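Number of protein chains: 2
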Amino acid sequence: MTSASSHLTPCLRHSAACAAGLLVLVAGHASAQTAGPAPLEVPARTVPVPNTVSPEMQRIIGAPLRQNWNIQPKTGEEWKGVAETGAAGTIKNIPGMLERLKVKVERTTIDGVRAFVVTPETIRPENRNSLLIHMHGGCYVLNPGEAGLPEAIFMAGFGGFKVISVDYRMPPEAYFPAALDDGMTVWRALVKTTDPKNIAIFGTSAGGALTLEMVLRAKQEGLPLPAAIAPGTPMSDTTKTGDTFYTNELLDNVLVSRDGFCDAGAKVYANGQDLKDPMLSPVYGDMQGFPPTILTSGTRDLLLSNTVRVHRKLRQAGVEAVLQVYEGQSHAHYIRDDTASETKEVFGEIASFFDKHLGK
Amino acid sequence: MTSASSHLTPCLRHSAACAAGLLVLVAGHASAQTAGPAPLEVPARTVPVPNTVSPEMQRIIGAPLRQNWNIQPKTGEEWKGVAETGAAGTIKNIPGMLERLKVKVERTTIDGVRAFVVTPETIRPENRNSLLIHMHGGCYVLNPGEAGLPEAIFMAGFGGFKVISVDYRMPPEAYFPAALDDGMTVWRALVKTTDPKNIAIFGTSAGGALTLEMVLRAKQEGLPLPAAIAPGTPMSDTTKTGDTFYTNELLDNVLVSRDGFCDAGAKVYANGQDLKDPMLSPVYGDMQGFPPTILTSGTRDLLLSNTVRVHRKLRQAGVEAVLQVYEGQSHAHYIRDDTASETKEVFGEIASFFDKHLGK
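Protein chains in written order, with my numbering: chain L, 2 to 361; chain G, 2 to 361.
Laid out in structure tokens, this is it:
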């Protein structure tokens, strides 16, 4: 602590000797380190709500940390109660979303897997043959049923695409790899009737991870790949590895901490499986041959590192991969409020990317 | 403070009532706020050096905060002393860089403006007609002469391009808009002999801002525009506006704080000019018609917000603009050590982008 606080001592004399110290870091990058880099001690700070985002986004960013972010349910049964309570709150907002975005939703099952068909009033002519698959988020344990729909509704409404949203099994109904298996069942079924060149997969958080996992699995099984994917702030590493797990801790008002509820949920879903398995932490998967990918995150996102790590890994594999990072946003803020201009911007970017790559 | 710390209270009972609170944020985004969003109180934290980057980058990220980051020289004369001391340290590393990257440097003047011609031993055949203009960084007051060259050498060496690095005037020799004027003099001279379709402009920090400012100025003056630009972590807003000025404060070990030396340097250069002038804060400029742009930043960068804000503004203006954000890096870490794999990756990405857009 002594050495960290001494770095904070201001240079009170504007002398040459004082100035000389200023650029030591520039001049000799390695000279300051002999015994391995020490952790950084960051003092307490007051962080204002940014004025560089819309008023709607300011409300989302300015909300207090999620209540009870550090609950740690240990079983699927406990999570079911948490999930149902949360779902009730989300579901009551759905009719308003459907009305504002002119989208309708129907339940279906696809080879036994529960799903929703989400259709905009107007499918853009160039999207008439396109189909999107949506994998919802929620740490593999939250957002059952209609509660998983907001992002699918935003994509259908803002993008003018038909979307199949997969209501995959979650604990306690089933554990790893059930969510992925359900996604793959839907994938296998859809590619029988729709050219995979016309299909994209997207999702946020656990849904972003499942999007990546589905491509990894399709590669393994020799199945066709989608034409494009859009993993939003993917839970690409469930081993608590990634710099922004630390730098954005207690700044991200959604996930809040690497030791929070989301980590607890992923662990229950994993059910003892090694968390480094690429089907739980897809950043460790082989991304050679991946389809064009658009990634979305925010500057306060606890998973910003796990988004940019996937971006870098895709680029290193020679994949066309683009990154969108939004000012001030914590984890998945862009699927909160369809009236925020940033929400429309996020889904507009993804839609343009899909336009560019589908049907080619 | 009381209300902020109450949000941190763990939910100790795994009851339904406790669980019910968990998803309030998901369910009703605006319900928690009635009197306008409050700032976030972030407690002190210990942030380890990430293990998700190369050992070379770990040394750079793990270095202590820049010594005397908060000096506040108030005049050009004072800055000159600081700049010369810093330059001496940087310049002694240049011969090694030139040797490792097989690059040579010659002084020149272009219509009276000091510059360097930076030439790789091997110019790639597809780059034979291409020319890059480099605007160095240093808060408009640092890195005079050869001290501004490392980034130009990295670009020439890793990218296989011929580079003209502009040694623009700085305080106390001249003040705003001298740096920009010198860049424009070089631009006007070069487009007389080289097709602007074969020229790109790049630079980091103040050099990233100058890159953007040169395009704004060329638009204003009806001059041709470059084929592409690469502003790295641009000082696009010198008014201390941008969320990561707060969220990454004391995490970024280079700039450290919005109230640090760099802010002081920009103010001396501005010499009384309104800092919101787009020629000092280009994020406020009109970006319609900009050439394809590749932006670079890092997750700990104090200017991450000012990089992503430029990216968003370019995209909103319909410009082809791509964003690269590197794990764990503070401001301009990618121009520190040419032996770090991330450095090669950054300049490789920029070179590929230039390849795609030059000569078209």
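The beta-carbon is built from N, C-alpha and C at its ideal position, and this holds for glycine as well.
In this text the structure is predicted, and so the values were computed from the model without any measurement.
Does residue i come out as helix, strand or coil in the three-state DSSP assignment?
| i | result |
| --- | --- |
| V118 (chain L) | strand |
| P235 (chain G) | coil |
| L304 (chain G) | coil |
| Q68 (chain L) | coil |
| G1 (chain L) | With chain L covering 2 to 361 only, the question about residue 1 (chain L) has no answer from this structure. |
| G299 (chain L) | strand |
| H332 (chain L) | coil |
| G319 (chain L) | coil |
| T194 (chain G) | helix |
| K220 (chain G) | helix |
| A201 (chain G) | strand |
| V347 (chain L) | helix |
| Q59 (chain G) | helix |
| A28 (chain L) | Low confidence applies to A28 (chain L): its pLDDT is 34, below 50, so where it sits in the model is not reliable, and the reading given next is rough at best. Residue state, collapsed to three classes: helix. |
| V54 (chain G) | coil |
| H135 (chain G) | strand |
| I92 (chain G) | helix |
| Q34 (chain L) | Here Q34 (chain L) scores only 41 on pLDDT, less than 50, and its place in the model should not be relied on; the value that follows carries that caveat. Note: Q34 (chain L) maps to coil in three-state DSSP. |
| T86 (chain G) | helix |
| G22 (chain G) | Only weak support exists for where G22 (chain G) lies, its pLDDT of 35 falling under 50; the value from the coordinates is given anyway. Looking at G22 (chain G) - three-state DSSP - the assignment turns out to be helix. |
| T352 (chain G) | In the sequence as presented, Thr is not what sits at residue 352 (chain G); that position holds Ala. The answer is helix: DSSP assigns A352 (chain G) an H, G or I state. |
| V48 (chain L) | strand |
| T110 (chain G) | strand |
| V142 (chain L) | coil |
| S342 (chain L) | helix |
| L226 (chain L) | coil |
| K105 (chain L) | strand |
| T212 (chain L) | helix |
| T186 (chain L) | helix |
Taking residue i and residue j to be in contact with their CB atoms under 8 Å, please state how far apart those CB atoms are, rounded to whole angstroms.
| i | j | result |
| --- | --- | --- |
| G138 (chain G) | A333 (chain G) | 6 Å |
| S204 (chain G) | G243 (chain G) | Before going further, note that residue 204 (chain G) is Gly rather than Ser in the sequence given. Not really, about 19 Å apart at Cβ, beyond 8 Å. |
| V43 (chain G) | A45 (chain L) | 6 Å |
| L121 (chain L) | A157 (chain L) | Note on identity: in this sequence residue 121 (chain L) is Pro, with Leu being the wrong assignment. Correct: roughly 5 Å between the Cβ atoms. |
| T212 (chain L) | L303 (chain L) | Actually they do not touch by this definition, with Cβ atoms about 19 Å apart. |
Anything in chain G within Cβ reach of residue i, meaning under 7 Å, just list it in chain order.
| i | result |
| --- | --- |
| G329 (chain L) | D244 |
| R218 (chain L) | Within 7 Å Cβ-Cβ: nothing; R218 (chain L) doesn't reach chain G, min ~24 Å. |
| A210 (chain L) | Correct list: empty, because the minimum Cβ distance to chain G is about 17 Å. |
| T300 (chain L) | D244, T245, T248, L305, S306, V309 |
| V50 (chain L) | P38, P40 |
| G204 (chain L) | Residues of chain G passing the Cβ test: none, with the nearest at roughly 16 Å. |
| Q59 (chain L) | P38 |
| I95 (chain L) | Simply none; closest approach about 11 Å. |
Can you pull the chain G neighbours of residue i, defined as C-beta to C-beta under 9 Å?
| i | result |
| --- | --- |
| R366 (chain L) | Past the boundaries of the shown model lies residue 366 (chain L); chain L is included only from 2 to 361, so the question cannot be answered. |
| G77 (chain L) | Under the 9 Å cutoff, chain G gives no residues; its nearest Cβ is about 14 Å from G77 (chain L). |
Could you name the residues of chain L that residue i contacts, counting a contact when the two beta carbons are closer than 7 Å?
| i | result |
| --- | --- |
| R170 (chain G) | Chain L residues near R170 (chain G): none, gap ~20 Å exceeds 7 Å. |
| V326 (chain G) | V309, L324, V326 |
| Y285 (chain G) | Under the 7 Å cutoff, chain L gives no residues; its nearest Cβ is about 11 Å from Y285 (chain G). |
Taking C-beta pairs closer than 8 Å, name the residues in chain G that residue i reaches, listed in chain order.
| i | result |
| --- | --- |
| T53 (chain L) | T242, G243, D244, S306, R310 |
| E250 (chain L) | R46 |
| E350 (chain L) | R316 |
| G146 (chain L) | Under the 8 Å cutoff, chain G gives no residues; its nearest Cβ is about 14 Å from G146 (chain L). |
| R313 (chain L) | Y327, E328, E346 |
Just to make sure I have the definition right: I need the residues of chain L whose C-beta is within less than 9 Å of the C-beta of residue i. Which are they?
| i | result |
| --- | --- |
| T45 (chain G) | The identity of residue 45 (chain G) in the sequence shown is Ala, whereas the question assumes Thr. Within 9 Å Cβ-Cβ: E42, V43, P44, A45, R46. |
| E222 (chain G) | Here the premise fails: no neighbours, minimum Cβ distance about 29 Å. |
| I295 (chain G) | Correct list: empty, because the minimum Cβ distance to chain L is about 11 Å. |
| I154 (chain G) | Correct list: empty, because the minimum Cβ distance to chain L is about 15 Å. |
Since residue i meets chain L, which of its residues come closer than 8 Å, beta carbon to beta carbon?
| i | result |
| --- | --- |
| L281 (chain G) | Those within 8 Å of L281 (chain G) in chain L number zero; the least Cβ separation is about 17 Å. |
| Q289 (chain G) | Within 8 Å Cβ-Cβ: nothing; Q289 (chain G) doesn't reach chain L, min ~17 Å. |
| I230 (chain G) | Going along chain L, no residue has its Cβ under 8 Å from I230 (chain G), so there is no contact; the nearest lies around 17 Å. |
Say the cut is 6 Å; is the CB of residue i nearer than that to a heavy atom of the ligand MG?
| i | result |
| --- | --- |
| T344 (chain G) | Summarising the ligand content, the structure contains no ligands, and the ligand MG is consequently not present. |
- Do the stretch 249-263 of chain G and the stretch 211-230 of chain G touch if we need at least three Cβ pairs shorter than 8 Å? no
- Message: Within 8 Å, do at least three Cβ pairs link the stretch 176-187 of chain G to the stretch 109-119 of chain G?
- Response: yes
- Task: Could you name each continuous beta strand (DSSP E) segment of 3 residues or more that falls completely within the stretch 237-288 of chain G, going from the start of the chain to the end?
- Result: none
- Message: Tell me whether the stretch 75-82 of chain G and the stretch 266-274 of chain L touch, counting them as touching only if at least three CB pairs, one residue from each stretch, are closer than 8 Å.
- Response: no
- What are the start and end residues of each continuous beta strand (DSSP E) run of 3 or more residues lying completely inside the stretch 145-181 of chain G, in chain order? 164-167
- Can at least three beta-carbon pairs, one atom from the stretch 125-135 of chain L and one from the stretch 156-174 of chain L, be found at a separation below 8 Å? yes
- Item | Meets three-Cβ-pair contact criterion under 8 Å: the stretch 142-161 of chain L and the stretch 85-92 of chain L | yes
- Query: Pairing CB atoms from the stretch 94-106 of chain G with CB atoms from the stretch 189-208 of chain G, are three or more of them under 8 Å?
  - Reply: no
- Would you say the stretch 276-292 of chain G touches the stretch 332-346 of chain G, given that touching needs at least three Cβ pairs under 8 Å? no
- Say whether the stretch 165-174 of chain L touches the stretch 345-359 of chain L, bearing in mind that this needs 3 or more beta-carbon pairs closer than 8 Å, one atom from each stretch. no
- Is there contact here, the stretch 309-318 of chain L with the stretch 65-75 of chain L, by at least three beta-carbon pairs under 8 Å? no
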